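Yeah, the sequence shown ends on 111 if you go by the working numbering, and it's all consecutive.
Virtual Cβ for every residue (Gly too), placed ideally from N, Cα, C.
Predicted model only: the values in this text are computed from it and were never measured.
Structure, as structure tokens:
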Amino acid sequence: MAAEAAVNYFEHQTPLSSYEASWKDQIGLEMENSKLMRQASDRVMAHGFLFDLMLRMMGTKRISDVIMCQIPGGMGRFMRLLA
């Protein structure tokens, strides 16, 4: 993406801001989800009991979603409350 933006800048005078729009289109949702989950996990991981409870509530499928930077189904509100 960055290389394409640089080439377009030199060949067509396309603004370099097109790079930001491009990456936000492609991975913006994952980046926002990652940020929310990081903020929530920072709060929960400080307390062993809460962290254990959260993992038990999530189960294997939801933990897999988190690894892939997806907010687990049904947990969006919970993540936003903790963030």
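Alpha carbon to alpha carbon, what distance is there between residue j and residue i?
i: residue 42; j: residue 55; result: 21 Å
i: residue 94; j: residue 110; result: 15 Å
i: residue 51; j: residue 76; result: 36 Å
i: residue 39; j: residue 32; result: 10 Å
i: residue 78; j: residue 57; result: 26 Å
i: residue 97; j: residue 80; result: 20 Å
i: residue 45; j: residue 87; result: 40 Å
From the DSSP output, in three-state form, read off residue i for me.
i: residue 85; result: helix
i: residue 109; result: helix
i: residue 95; result: helix
i: residue 41; result: coil
i: residue 74; result: coil
i: residue 103; result: coil
i: residue 59; result: helix
Taking buried to mean at least 16 other C-beta atoms within 10 Å of its own C-beta, is residue i buried or exposed?
i: residue 34; result: exposed
i: residue 65; result: buried
Taking 8 Å as the threshold (C-beta atoms), are residue j and residue i in contact?
i: residue 85; j: residue 72; result: no
i: residue 99; j: residue 61; result: yes
i: residue 47; j: residue 59; result: no
i: residue 107; j: residue 49; result: no
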